[in-house]
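K.L.:
Have a look at the structure that comes next, please.
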Amino acid sequence: MADEVARSAENVRRLRLRRQQLRTPAAGPAGEVVRNLLAVQSQEFPYARWTLAQRTSAATSSDVEQAVADGAILRTHILRPTWHFVHRDDLGWLMGLSADRLHQGNKGMYRQTGVDADSALLSGRILAAAVAGGAHKTREELAEVMGQAGFPSKGLGFVYHLMHAEISCILVSGAPVRSAGGALKQTYALFEERVPGLVRTALSGEDRERALGHLALRYFGSRGPATVKDCAAWSGMTMKDVRLGLRVAEELSPGTLASVSFDGFEFHLDSGDVENLVNGGDRAPARESALPRVDLIQCYDEYVMGYSESRSYLGGTAPYLPEDNGPMHVVLLDGRLAGWWRHSFSGGACRVEVRMNQPTTPPEQLALEAEVERYGRFLGMDTRLL
27 MADEVARSAE NVRRLRLRRQ QLRTPAAGPA GEVVRNLLAV QSQEFPYARW
77 TLAQRTSAAT SSDVEQAVAD GAILRTHILR PTWHFVHRDD LGWLMGLSAD
127 RLHQGNKGMY RQTGVDADSA LLSGRILAAA VAGGAHKTRE ELAEVMGQAG
177 FPSKGLGFVY HLMHAEISCI LVSGAPVRSA GGALKQTYAL FEERVPGLVR
227 TALSGEDRER ALGHLALRYF GSRGPATVKD CAAWSGMTMK DVRLGLRVAE
277 ELSPGTLASV SFDGFEFHLD SGDVENLVNG GDRAPARESA LPRVDLIQCY
327 DEYVMGYSES RSYLGGTAPY LPEDNGPMHV VLLDGRLAGW WRHSFSGGAC
377 RVEVRMNQPT TPPEQLALEA EVERYGRFLG MDTRLL
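Letter by letter, the sequence shown follows residues 27 to 412 of this note's numbering.
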């Protein structure tokens, strides 16, 4: 029985790695990664670039930044809500599906910070005018604009006026810039100038049902095997909405998704993966099967954050790594949690510190060094393993 459970867990991990494009076939440009995953958590902008790049064949940090600058990839508060990358072709309908829930979830903070209907309407007009015509502005520049208009220019009051404008389809990410010290900074742009076919009103009726169907197709197609509760937690929708989305998905694309019950869960996934999930197919090519694979993924990577109820299928353990006020990222060994990593910069070089749950074997060490080298190519700088 224990062996069967272990095999099932391995099958889940293998399919998730491939569907999330952490295994071949890799995506083309970074925008294709976002389109496949529908939304990618980008809480930490610099690290989220790596989430996209490592799912492509050879994208660099500059490639991802250029896709954001061009507007193919947009970054805004959506879903739970938190920062996400979303493809420009999807942001309009996805915001139409979730905006009302986001505003409802923020009501307590809106009251606390004085963001009522009248003030939000006025601040939205001021923010829109400030960035209109491609005049992308940083957070600091918008703070000055807001302060001059008598609105909060710092603290939660300022933050929630900005977020209200994002959720209301007034602001969205512009072209990123770098500070004098080289730090990457987001700018804000006018939503309607960056998102084609903008519809400001919330989706309802059949339009909303179709959107739920597309959400189900995209989520389970890119993250399956996963459960209804996984999708609800990821999307911010209710479980009732997700179940409705699954029914509509069958109408929109009959036979695309399937469900399999085992290990106490009902998993939904691409129908082409059912046999692999149940019987353990989809294995690596023979020339790779004996080789370990190490992935350095960032702490908010969709391989971790894309699940809630079934996140335990990640498996593995990791040792304690003392915090230094920076994020601790995840080391995967053959898809399982195996340690933590973080990096630091000095003298134009990057140093990667790794703490594994047990000493690496010589092949595992080579795999780890290869992944660090790959990270260096992404950054475009000398990168070494400490």
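The beta carbon of each residue, even a glycine, is placed where N, CA and C say it ideally should be.
From a predicted model like this one, the values you see are computed outputs, not experimental measurements.
Would you mind working out which of F177, W109, G365 sits nearest D142, comparing C-alpha positions?
P.N.:
That would be F177, whose Cα lies nearest to the Cα of D142.
K.L.:
Kindly list the residues whose CB is nearer than 8 Å to the CB of S88, restricted to its own chain and excluding five residues on each side of it in sequence; keep chain order.
P.N.:
Taken in chain order, the residues that qualify are G406.
K.L.:
Evaluate Q324 with the Cβ neighbour count: other Cβ atoms within 10 Å of its Cβ, from every protein chain shown; 16 or more gives buried, anything less gives exposed.
P.N.:
Classification for Q324: buried.
K.L.:
By DSSP, does F293 sit in helix, in strand, or in coil?
P.N.:
DSSP places F293 in strand when its eight states are reduced to three.
K.L.:
Just to check, is the beta-carbon of Q384 closer than 8 Å to a non-hydrogen atom of the ligand ADP?
P.N.:
The ligand ADP is absent from the structure shown, which contains no ligand whatsoever.
K.L.:
Going by DSSP in three states, Q80 sits in which element: helix, strand or coil?
P.N.:
Here Q80 sits in coil by DSSP.
K.L.:
Unbroken beta strand (DSSP E) runs of length 3 or more, entirely within the stretch 47-113: which are they?
P.N.:
With a minimum length of 3 residues, the continuous beta strand (DSSP E) runs that stay inside the stretch 47-113 are 65-67, 99-104, 108-113.
K.L.:
By the three-class DSSP mapping on this structure, what secondary structure does M263 have?
P.N.:
Coil at M263, not helix or strand.
K.L.:
Pairs of beta-carbons, one from the stretch 294-304 and one from the stretch 241-253, closer than 8 Å: are there three or more?
P.N.:
The stretch 294-304 vs the stretch 241-253: in contact.
K.L.:
Take I104 as the anchor and find which of L41, L43, L216, W260 has the nearest alpha-carbon.
P.N.:
It is W260.
K.L.:
Excluding sequence positions up to five away, which residues of its chain have a Cβ less than 6 Å from the Cβ of L117?
P.N.:
Closer than 6 Å at Cβ, skipping near neighbours: L100, V221.
K.L.:
Is it buried or exposed for A312, if we count other Cβ within 10 angstroms and need 16 for buried?
P.N.:
Because the pLDDT of A312 is 43, which lies under 50, any placement of that residue in the model is unreliable, and the number read from its coordinates should be weighed accordingly. A312 is exposed by the Cβ-count criterion.
K.L.:
Would DSSP call S145 helix, strand or coil?
P.N.:
Residue state, collapsed to three classes: helix.
K.L.:
Is the distance from the Cβ of A35 to the Cβ of Y326 below 9 Å?
P.N.:
No, the Cβ-Cβ distance between A35 and Y326 is not below 9 Å.
K.L.:
According to DSSP, is S285 helix, strand or coil?
P.N.:
Note: S285 maps to strand in three-state DSSP.
K.L.:
Would the beta-carbon of L229 fall within 9 Å of that of G131?
P.N.:
No, Cβ-Cβ distance for L229 and G131 is not below 9 Å.
K.L.:
Smallest Cα separation from Y245: which of D289, H162, T282?
P.N.:
The shortest C-alpha separation from Y245 is found at T282.
K.L.:
Do A191 and S149 have their beta-carbon atoms positioned less than 9 Å apart in this structure?
P.N.:
Yes. Within cutoff.
K.L.:
Identify which residue in S287, S372, V378 has its Cα closest to the Cα of V356.
P.N.:
Nearest option by C-alpha distance: V378.
K.L.:
Flag this pair as yes or no: are the beta carbons of H110 and A53 separated by less than 9 Å?
P.N.:
Going by C-beta atoms, H110 is not nearer than 9 Å to A53.
K.L.:
Counting C-beta neighbours from all protein chains within 10 Å, is the total for M265 16 or more, i.e. buried, or is it exposed?
P.N.:
Exposed: under 16 other Cβ atoms inside 10 Å.
K.L.:
Just to confirm, is the Cβ distance from H129 to Y214 under 9 Å?
P.N.:
Cβ distance not < 9 Å, so H129 and Y214 don't count as in contact.
K.L.:
Name the two residues that bound the continuous beta strand (DSSP E) containing T213.
P.N.:
Run containing T213: 213-216, per the beta strand (DSSP E) assignment.
K.L.:
Which complete beta strand (DSSP E) runs does the stretch 320-347 hold, if anything under 3 residues is left out?
P.N.:
Runs of the beta strand (DSSP E) inside the stretch 320-347: 320-323.
K.L.:
Just to confirm before moving on: does the CB-CB distance between E390 and L359 stay below 9 Å?
P.N.:
It is a contact, given that the beta carbons lie within the stated cut-off.
K.L.:
Quick check on DSSP: helix, strand or coil for G181?
P.N.:
DSSP places G181 in helix when its eight states are reduced to three.
K.L.:
Please check the pair G361 and R33, which I expect to be a contact at CB under 8 Å, by giving their CB distance rounded to whole angstroms.
P.N.:
Not a contact, Cβ separation roughly 14 Å.
K.L.:
With three or more C-beta pairs closer than 8 Å as the rule, is the stretch 368-387 touching the stretch 283-302?
P.N.:
The stretch 283-302, when compared against the stretch 368-387, does not touch it at the 8 Å Cβ threshold.
K.L.:
Tell me whether C195 sits in a helix, a strand or coil according to DSSP, three-state version.
P.N.:
Three-state result, C195: coil.
K.L.:
By how many angstroms is the C-alpha of A206 removed from the C-alpha of E335?
P.N.:
Straight-line Cα distance between these residues: approximately 44 Å.
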